[in-house]
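K.L.:
4 protein chains.
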Amino acid sequence: MAYELKVTRRVEFSETDMAGIVHYSNFFRYMEVAEHEFFRRLGFSVVTRQVDPPVGWPRVHAECDYTQPLRFEDEIEIHMLVKEKRSKLLSYEFRFRKLNGGGPTEVARGFLTVVCVTHQDGKMTPTTIPKSIVDKIEVAPEELLKS
Amino acid sequence: MAYELKVTRRVEFSETDMAGIVHYSNFFRYMEVAEHEFFRRLGFSVVTRQVDPPVGWPRVHAECDYTQPLRFEDEIEIHMLVKEKRSKLLSYEFRFRKLNGGGPTEVARGFLTVVCVTHQDGKMTPTTIPKSIVDKIEVAPEELLKS
Amino acid sequence: MAYELKVTRRVEFSETDMAGIVHYSNFFRYMEVAEHEFFRRLGFSVVTRQVDPPVGWPRVHAECDYTQPLRFEDEIEIHMLVKEKRSKLLSYEFRFRKLNGGGPTEVARGFLTVVCVTHQDGKMTPTTIPKSIVDKIEVAPEELLKS
Amino acid sequence: MAYELKVTRRVEFSETDMAGIVHYSNFFRYMEVAEHEFFRRLGFSVVTRQVDPPVGWPRVHAECDYTQPLRFEDEIEIHMLVKEKRSKLLSYEFRFRKLNGGGPTEVARGFLTVVCVTHQDGKMTPTTIPKSIVDKIEVAPEELLKS
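Chains as they are written, first to last, in this note's numbering: chain A, 4 to 150; chain B, 4 to 150; chain C, 4 to 150; chain D, 4 to 150.
#1: Report the partner residues of residue 83 of chain D according to the DSSP bridge assignment.
#2: Beta-carbon separation of residue 14 of chain A and residue 112 of chain A under 9 Å?
#3: The beta strand (DSSP E) that contains residue 47 of chain B, what's its start and end?
#4: Under three-state DSSP, which class holds residue 69 of chain C?
#5: For the beta strand (DSSP E) containing residue 115 of chain C, list its first residue and its last residue.
#6: Going by DSSP, what residues sit across from residue 59 of chain B in a beta bridge?
#7: To the nearest angstrom, how far is it from the Cα of residue 116 of chain C to the Cα of residue 24 of chain D?
#8: Confirm, please, whether the CB-CB distance from residue 72 of chain A to residue 61 of chain B is below 9 Å.
#9: In this structure, does DSSP put residue 102 of chain B in helix, strand or coil?
#10: For a quick check, are the C-beta atoms of residue 121 of chain B and residue 63 of chain A less than 9 Å apart?
#11: Of the residues B:102, B:80, B:88 and B:125, which one's Cα is nearest the Cα of residue 132 of chain B?
#12: At what residues does the alpha helix (DSSP H) containing residue 149 of chain B begin and finish?
#13: Looking only at its chain, what residues have a beta carbon closer than 6 Å to the beta carbon of residue 56 of chain B, apart from the 5 residues adjacent to it on each side?
#14: Please return the same chain residues whose Cβ sits closer than 8 Å to the Cβ of residue 144 of chain B, not counting the five positions on each side in sequence.
#15: Please identify, using Cβ separations under 7 Å, the residues of the stretch 131-149 of chain B that lie next to chain A, in order along the chain.
#16: Can you tell me where the alpha helix (DSSP H) holding residue 134 of chain C begins and where it ends?
#17: Is there contact here, the stretch 43-54 of chain B with the stretch 34-51 of chain A, by at least three beta-carbon pairs under 8 Å?
#18: 9 Å is my cut-off, CB to CB: does residue 16 of chain A come that close to chain C?
#19: Under 8 Å, CB to CB, which of the residues in the stretch 62-86 of chain B have a partner in chain A?
#20: What is the DSSP secondary structure of residue 54 of chain D, reduced to helix, strand or coil?
#21: Residue 39 of chain B by DSSP, collapsed to three states: which one?
#22: Taking only beta-carbon atoms, is residue 40 of chain A less than 9 Å away from chain B?
#23: I'd like to know whether the C-beta of residue 50 of chain A is nearer than 9 Å to at least one C-beta of chain D.
#24: Considering Cα atoms alone, identify which of D:110, D:11 and D:118 is closest to residue 90 of chain D.
#25: Assess, as a yes-or-no matter, whether the stretch 27-38 of chain B is touched by the stretch 20-35 of chain D under the definition of 3 or more beta carbon pairs within less than 8 Å.
#26: Using a Cβ cut-off of 9 Å (strictly closer), state whether residue 22 of chain C contacts chain D.
#27: Which residues share a DSSP beta bridge with residue 128 of chain B?
#28: Answer yes or no: do residue 76 of chain C and residue 101 of chain C have a C-beta to C-beta separation smaller than 9 Å?
#29: How many Å lie between residue 18 of chain C and residue 95 of chain C at the Cα?
#30: Which residues of chain B have a Cβ atom closer than 7 Å to the Cβ of residue 36 of chain C, listed in chain order?
#31: Rounded to whole angstroms, what's the CA-CA distance from residue 150 of chain A to residue 11 of chain A? Just pull it up for me.
#32: Of the residues A:82, A:22 and A:92, which one's Cα is nearest the Cα of residue 147 of chain A?
#33: When the Cα atoms are used, what is the spatial distance from residue 86 of chain A to residue 84 of chain C?
#34: So, at 7 Å on beta carbons, what are the nonlocal neighbours of residue 139 of chain C in its own chain, with the 5 sequence-adjacent residues on each side left out?
#35: How would you list, in chain order, the residues of chain B whose beta-carbon sits under 8 Å from the beta-carbon of residue 59 of chain A?
#36: State yes or no: is the C-beta of residue 35 of chain C within less than 9 Å of the C-beta of residue 114 of chain C?
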């Protein structure tokens with residue numbers, strides 16, 4: 004059972020834009036990196052064929068609040084928390100912390116809602132999260148989510 | 004005075020991912036393309052040096068709801084609406100419509116809040132939106148925003 | 004029969020990096036945009052199911068020489084030329100011209116070699132380019148390629 | 004003195020395309036990640052202000068040969084070798100190896116030529132590589148480059 008994960012990462016040159024800071028769209032890539040590592044640690048791949056039928060996790064909602072910019076070579080921690088667990092849906096929170104420059108300082112907070120689907124003839128149909136997966140995931144304690 | 008803009012675009016191969024659909028982070032790039040075209044049509048560049056001191060527009064909030072996936076070569080319309088105008092802040096709504104395949108069909112809706120800043124010694128300080136810019140922008144009519 | 008194509012494009016903010024110029028990897032995305040438009044004008048999609056079996060075009064070689072940087076909002080022309088046509092392989096040349104700022108000025112030149120493949124069980128096997136496709140493509144005249 | 008570096012990396016979901024493999028443009032991002040780590044290990048940042056005047060490293064040539072595709076979650080090693088050192092120019096070779104699936108297997112080989120420049124009024128002027136930097140870099144042994 005797991006409800007959180009922390010990964011660290013260094014900002015890459017190609018993630019910056021001409022304003023000298025990480026392009027805001029890249030925070031959504033960062034979120035996903037943590038999410039996929041979370042699945043790996045549970046023993047699954049996010050594109051797993053380990054369940055039958057295979058399931059996918061399209062995003063239905065994504066959101067980010069930015070408080071401070073990130074720059075090239077900044078070391079960041081992405082702290083993922085499971086915020087909600089429903090039969091066909093998972094919701095995550097992501098706290099971005101800059102570790103260098105006197106940190107850790109929270110610089111952004113993100114949210115992602117994903118739906119479990121099966122694929123058929125190029126169509127995606129929402130499905131109940133397989134028991135082998137859902138049994139390993141729990142919602143983070145309220146006091147953690149409130150901090 | 005302007006409160007909306009529509010741009011069209013064709014989904015590029017490099018914007019898709021292994022699920023065969025546009026990666027969700029790219030919708031945030033699409034939003035920005037409309038925003039920057041909006042500024043150009045007002046006679047400004049979003050990185051304009053046409054005001055003194057030059058101003059920038061870092062994002063403080065970004066959000067997207069996804070209802071249908073987009074695929075390679077889909078033709079999309081990005082409809083941007085000004086949602087809110089405050090002294091130092093602008094807020095936009097973006098409606099993504101797929102034009103091919105029997106459309107137009109709304110496939111996603113995005114939101115962006117940007118703050119007007121000046122840059123000094125690598126620091127960004129919120130500032131009042133220059134009059135020459137703010138005078139050209141108005142909030143979209145309520146009935147349009149409610150649709 | 005076609006051997007060339009020109010597409011125009013405006014540099015987007017998210018394509019720049021902290022050096023204030025278009026990140027060098029994005030020229031390879033630009034090349035592909037021209038290539039895919041070339042296929043569309045021939046009546047095909049680069050991921051076409053219009054031939055049986057469907058074929059794909061993985062890259063085996065990519066190359067670019069950069070002479071001048073591109074910046075945000077620059078208008079560019081991507082001029083694609085068919086450089087070589089073999090039974091299972093196509094090779095293209097791309098000339099990047101900046102149209103604004105007194106141009107057109109050539110700022111970069113790219114090369115791409117792609118192989119025609121079929122997909123089977125996740126494996127790609129080189130195959131002869133389908134006649135319906137290859138008959139529409141010819142190598143650009145030598146004097147054009149030499150200019 | 005250093006002439007090589009190895010970094011490892013896991014293929015991210017957003018680096019794949021609808022063909023199910025890493026988009027070819029991303030290999031150029033991977034090259035850069037190794038190059039920048041190489042500079043950090045020498046005690047510099049590639050966007051260093053540690054020399055006066057500060058220097059930049061625009062790319063004048065980039066190239067990649069692809070022999071096998073990379074897929075999501077593949078573990079890769081990027082092996083960078085200094086290939087050439089001139090007064091104002093450095094040239095690198097990059098060997099991409101897939102570590103999982105029975106590897107290490109070389110899947111691609113890249114080349115990058117960068118020029119040392121100073122920036123003035125938005126213009127880049129080639130300059131001699133500062134002694135403090137160039138003294139720490141040497142060309143890889145010929146037998147290594149020939150392998």
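A virtual CB, placed ideally from N, CA and C, is assigned to each residue, including glycine.
In this text, all values refer to a predicted model and were calculated from it rather than measured experimentally.
P.N.:
If we stick to the structure as given:
#1: D:8 and D:97
#2: no
#3: Counting along the chain, residue 47 of chain B falls outside any beta strand (DSSP E), and DSSP gives it neither H nor E.
#4: strand
#5: 108-118
#6: B:120
#7: 17 Å
#8: yes
#9: coil
#10: no
#11: B:88
#12: 145-149
#13: 121
#14: 6
#15: none
#16: 134-137
#17: no
#18: yes
#19: 62, 63, 64, 65, 66, 67, 68, 69, 70 and 72
#20: coil
#21: helix
#22: no
#23: yes
#24: D:118
#25: no
#26: yes
#27: B:121
#28: no
#29: 23 Å
#30: 15
#31: 20 Å
#32: A:82
#33: 52 Å
#34: 4, 5 and 45
#35: 22
#36: no
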